[in-house]
Structure formats: structure tokens, C-alpha cells
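Q: Submitted below is the structure of interest, expressed as C-alpha cells.
Numbering (the numbering used here), first residue to last: 75 to 646.
Below, the structure written as C-alpha cells:
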């Protein structure tokens with residue numbers, strides 16, 4: 075494949091994500107988080123298996139589009155689903171810890187590929203040759219199928235969604251089940267007997283859905299999306315979408331191309347007897363040669379060597395055998411006589427290091443964020459990431475490039491995870507699924523643009539791609555400042571629980587939040603049912619932390635924090 079074809083293949087699944095995001099957001103907000111997760115995971119797994127049997131590039135490209143179409147739902151809805159099982163204090167940590175599985179996947183994939191792709195066995199089928207890379211695609215589909223089974227058998231529906239639908243009894247059953255799983259106690263020990271109903275004005279629109287014709291579904295999707303662009307939410311919607319666009323453009327776009335870059339740097343060093351070169355120099359060296367309408371390829375990554383001293387293409391028959399591709403003209407579809415799946419061990423090793431390191435940093439940040447706050451981390455990380463991306467243009471060894479690439483991918487990825495947790499906090503229940511899907515749609519649009527941009531520039535103007543990504547990272551750096559100016563507090567909604575035991579009275583005495591406000595808030599007003607002062611709150615916001623201990627962990631410190639930083643929100 076040419077660099078342009080690789081760029082299109084890298085980005086086509088994200089096109090499916092973009093087109094399906096409004097649909098999945100609407101369905102998650104109206105039909106339930108669990109049901110949509112199960113359906114989309116099973117469909118993604120089945121499409122993944124079918125794509126391993128694709129007979130040609132075009133069919134494979136189309137199937138990868140539908141992979142993106144279905145994987146959009148679990149990739150976005152899971153954050154709303156998980157976040158609705160936690161209170162404000164623990165939610166950022168929970169969502170960041172869920173995001174740890176993204177770099178774990180980045181770590182597992184090259185390890186799996188290292189063991190599978192170099193295998194030389196092949197099974198000839200009537201329509202294709204089933205070789206190692208195809209079985210690798212099958213392995214990649216298995217997690218979706220397993221995840222769908224686990225959710226179906228083991229996990230409940232979101233209690234917040236059930237409450238928003240008016241199913242108070244079902245929500246209470248889910249909360250009781252969570253209590254039993256967390257504590258190991260009997261269901262009868264759970265002391266919450268009733269759940270106070272939320273403001274009826276904020277009920278989900280699915281309660282009044284008309285018939286399910288195609289036109290009505292489109293209208294309902296729009297009615298679920300439109301409130302995000304009304305006066306109350308439009309600034310935050312545009313801000314989080316632009317931030318996610320930038321984060322994903324930086325994080326995923328470069329991550330998709332790193333194996334190619336590492337592979338070419340290693341091959342360059344091998345071909346030139348240990349000489350080193352920057353990423354861009356090694357990528358320019360492995361350019362496509364067209365001679366008499368025949369495309370010759372010589373090295374891993376399907377490139378010929380351009381010798382700058384002799385100003386001509388050269389090859390080394392002792393290292394690589396030529397692979398001849400017949401092509402009527404460059405850029406048109408060609409019939410590939412042989413597929414070169416040679417990948418250097420350094421490529422697998424470096425990708426494993428980046429995936430493992432990113433997972434470790436996500437894990438650490440998941441615990442640190444409760445002390446530093448999300449904005450500070452995002453602000454600092456994007457500034458450092460921009461400098462790292464610029465440094466990639468100057469790194470002369472694979473070790474230096476590995477460190478800089480790790481910093482860039484890791485810091486932008488962690489910033490994206492923190493933004494996901496903020497989105498769950500910012501938007502109310504009936505809009506949360508759609509809001510998360512819209513932000514992910516914006517992020518996937520960034521991946522498409524970034525991947526195609528790198529594919530177009532990587533062989534000729536590689537440096538420009540790095541500087542563009544650095545500029546986008548600096549945009550995220552600036553947006554963090556903008557977020558602080560225009561979002562001095564987070565608007566939160568949630569359940570209000572009541573107990574029959576007097577143990578709960580002491581918890582109702584104080585209502586607090588953690589690092590979600592700005593000290594420049596206007597004067598607050600009294601809130602019914604809570605001795606502290608909150609602003610624009612319609613129901614008594616309370617926390618249930620531990621059914622046996624009326625005082626949550628670090629209660630006095632958190633109370634002092636609340637007294638110093640009043641909240642404009644309902645808490646849950």
C-alpha cells in the first residue's frame with residue numbers, strides 16, 4: 075500500500091464513528107446504556123471477524139468503516155455508564171482508571187502482533203489467502219464479543235438512567251445490588267428505602283417518543299442534540315468538542331503512524347550500516363520509485379532507498395528481495411503480487427513501551443487528579459506535549475524519538491481521559507450520552523484529518539506534520555485557559571437518596587464537592603434540605619458514602635473545602 079492508502083485505511087473506521095455518534099448518543103439516552111453497549115459490541119465483533127476474510131483492499135476498507143460505526147457506542151457510552159455509578163468525588167478517578175484500558179490495548183496489540191504476524195503459515199481459500207495478519211484481525215475482534223457477553227451476564231443498567239426514566243424501584247434494586255457486591259453483606263442490610271424523584275422537567279424525552287419511523291427517529295435525535303447547542307450548554311459543548319478534536323488529532327493520529335516511523339528508522343539503520351537519521355530523513359529515504367510503469371519495493375514498509383550521494387535509487391540484494399507490483403499508473407489501484415509483512419523487532423518493542431508507559435501514567439493520574447484538579451493537569455500536559463512534538467523533528471536516534479513520542483502520545487491521551495470525566499460531570503443525565511458521543515465524534519474527526527494529513531506529508535514534508543500537531547497541542551493548552559475563564563464551576567445533577575435510619579441525618583447536614591468550582595463565584599443562595607449554601611439547586615443534594623459509617627472518608631477536610639469553595643450544582 076502507498077502512504078495515502080495507509081492513511082485512508084487508518085482513518086476510515088473513524089469516519090464510521092463520526093457518522094454513527096449522534097445515533098448512539100440518542101439511543102443511549104433513550105433506550106438505556108446497557109442495551110446499546112451489548113448490541114454494538116456484538117456487532118463490532120462479528121464485523122471484525124468478517125473483515126479478516128476480505129478478498130481485497132476495497133472490501134476490507136468498507137468493513138473497517140462498519141467496525142468504526144459499531145465501536146463508537148462502547149467507546150463513548152461506557153464513560154457515561156461508568157460515571158453514573160460514582161459520586162462527584164470519585165468519578166474523575168473512576169473514569170481515568172477506565173481509560174487505562176486504552177493504553178493497555180495499545181500495549182497488548184503490538185505484543186499480540188509480534189507473536190502472530192511474523193508467522194509464515196498460510197491457508198488458501200477460494201477468495202483469499204488466509205495468512206497471519208488475517209488471524210491477527212480475528213484476535214482483535216474477540217474482546218468485543220467477550221465484553222458484550224460480560225455486560226449481558228454480569229452488569230446492571232445505570233441507576234441514574236433508570237431514575238431519569240421514572241423507574242425508581244428498578245434503580246433502587248440496582249443500588250442494592252451494588253451495595254451487596256461492594257460490601258458482601260445481605261441485601262436486607264441496605265438501609266436506603268426510597269429514592270427521591272428528580273425534577274420532572276428534566277425527564278428523558280424517551281418517555282414521550284412517537285412511533286419509530288425513520289423520520290421520527292431523525293427528529294428525536296435532533297431533539298436530543300439541540301439542547302446541547304442552546305444558550306445553557308452551547309459554550310461548554312463547543313469547548314469540550316474542540317478540546318477533544320485537538321486531543322485525538324494529536325494522540326491517535328501520531329499513534330497510528332508510529333509503527334511505520336519506527337520500522338523505517340530501523341530499516342534505514344540496517345541498510346546504511348548503523349547510520350542514524352531523524353524520523354523525517356528516514357521516511358524520505360524510503361520513497362516509492364516508479365520506473366517504466368512498474369512499482370519496485372525493497373524494504374519493510376514497501377519503500378525503495380533513495381541515495382542522496384548518487385542521487386539515484388539503490389537496493390541491497392543481500393538484505394531484501396525485490397517485490398514487484400504491477401501498476402498502470404501511480405496512485406491507481408494495483409494488483410499486489412506479494413505482501414511484505416516484514417516488521418523489525420524494534421517496532422514492536424517501541425510500541426510496547428509506549429503502550430505500557432501510557433497505561434502506567436494513566437493509572438497514576440487517576441489517583442493524583444483528586445488532589446491537583448483536571449484543569450491543571452490538562453494545562454501542563456498539553457504544553458509539554460507541544461514541545462515534545464517539535465522535538466520529534468530533530469531526534470536522530472530511535473531512543474530519543476521513543477522518549478519524545480511517548481511524552482506526546484501519553485500526555486495528550488491522559489488529557490483526553492480527563493476531559494471525558496469532565497464531560498460526564500458537566501452535562502445532565504438526559505443529555506449526557508449524546509454529549510459524550512458528540513465529543514468523541516469531534517475527536518474521531520480529528521483522527522481522520524490528522525491521519526490523512528500525515529499520510530500526505532510523511533514521504534515529502536514530514537516536518538510540517540510535526541509542527542501542525544504541535545500547534546494543535548498548543549491550541550489545547552490555550553483552551554484550558556479558556557475553560558477556566560468561561561467555566562468557573564461545573565453544573566452537576568444527580569440522585570437524592572433518603573434513609574429511614576437516623577444515621578443518615580448527619581450526612582444530610584453537609585453537602586460538599588471537590589475541586590470543581592472557582593473562588594470567583596457570585597454570592598450563593600440557601601438550598602432547601604441542606605444547611606450549607608448552594609446556588610441554583612432545586613433538590614436537596616446529598617451523598618451516600620458508606621451505609622455503616624455516616625461520615626465519609628476525610629469528611630472534615632472535605633467539609634472545609636466545601637465551605638471555602640461553594641458549588642453551583644446538584645450533587646450526586
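Glycine included, each C-beta is placed from N, C-alpha and C at the ideal position.
With DSSP as the reference, identify every bridge partner of residue 204, one or two as the case may be.
A: Residue 204 is bridged to 197.
Q: Near residue 133, what residues of its chain come up, given a Cβ to Cβ distance below 7 Å and the 5 sequence neighbours on each side ignored?
A: Here the set comprises nothing.
Q: Taking its Cβ as the centre, do 16 or more other Cβ atoms sit within 10 Å of residue 431, making it buried, or is it exposed?
A: Residue 431 comes out buried.
Q: Give the C-beta separation of residue 170 and residue 440 to the nearest angstrom, bearing in mind that I take them to be a contact with Cβ-Cβ under 8 Å.
A: Correct: roughly 4 Å between the Cβ atoms.
Q: Closer than 7 Å by C-beta to residue 519: which residues in its own chain qualify, once you throw out the five before and the five after it? Chain order, please.
A: Contacts found: 92, 319.
Q: Give, in chain order, every unbroken run of the alpha helix (DSSP H) that is at least 4 residues long and sits entirely within the region 140 to 199.
A: With a minimum length of 4 residues, the continuous alpha helix (DSSP H) runs that stay inside the region 140 to 199 are 165 to 173, 175 to 190.
Q: Hey, how far is the Cα of residue 86 from the Cα of residue 264?
A: Distance between the alpha carbons of residue 86 and residue 264 is about 49 Å.
Q: From which residue to which residue does the alpha helix (DSSP H) around residue 499 run?
A: Residues 472 to 500.
Q: By Cβ distance, which residues of its chain are closer than 6 Å to residue 115, with the 5 residues on each side in sequence left out?
A: These residues qualify, in order along the chain: 148, 218, 221, 222.
Q: Taking all protein chains shown into account, decide if residue 163 is buried (16 or more other Cβ within 10 angstroms of its Cβ) or exposed.
A: Residue 163 should be labelled buried.
Q: Put residue 231 into one of helix, strand or coil per three-state DSSP.
A: It is coil, neither helix nor strand.
Q: Can you give me the Cβ contacts of residue 94 inside the same chain, cut-off strictly under 7 Å, excluding the 5 residues immediately before and after it?
A: Result list for residue 94: 143, 146, in chain order.
Q: May I ask you to verify whether the region 469 to 476 touches the region 338 to 350, counting CB pairs closer than 8 Å and requiring at least 3?
A: Touching, per the Cβ criterion.
Q: Sort 442, 446, 478, 500 by Cα distance to residue 458 and report the nearest one.
A: The shortest C-alpha separation from residue 458 is found at 478.
Q: Within the same chain, show all residues whose beta-carbon is closer than 8 Å to that of residue 332, passing over the 5 residues directly before and after it, in chain order.
A: So the qualifying residues of the chain are 424, 425, 428, 479, 483.
Q: Quick one: using the 10 Å Cβ neighbour count with 16 as the cut-off for buried, is residue 179 buried or exposed?
A: The residue is exposed, with fewer than 16 neighbouring Cβ atoms inside 10 Å.
Q: Can you grab the Cα-Cα spacing for the pair residue 295 / residue 100, in whole Å?
A: Cα-Cα distance, rounded: 5 Å.
Q: Taking contact to mean at least 3 C-beta pairs separated by less than 8 Å, is the region 310 to 326 in contact with the region 490 to 500?
A: Contact between the region 310 to 326 and the region 490 to 500 is present, because at least three Cβ pairs lie under 8 Å.
Q: Compare the Cα-Cα distances from residue 157 to each of 358, 549, 502 and report the closest residue.
A: Nearest C-alpha to residue 157: 502.
Q: Could you round the C-beta distance between residue 433 and residue 186 to whole angstroms and report it? I think they count as a contact, below 8 Å.
A: Going by Cβ atoms, the distance from residue 433 to residue 186 rounds to 15 Å, so no, they are not a contact pair.
Q: Between the region 103 to 112 and the region 225 to 240, do three or more beta carbon pairs fall short of 8 Å?
A: With the cut-off at 8 Å, the region 103 to 112 and the region 225 to 240 touch.
Q: Pick helix, strand or coil for residue 532, following the three-state DSSP scheme.
A: Here residue 532 sits in coil by DSSP.
Q: Comparing C-alpha positions only, which one of 215, 306, 309, 313 sits nearest to residue 121?
A: Comparing Cα-Cα distances from residue 121 to each of 215, 306, 309, 313, the minimum goes to 215.
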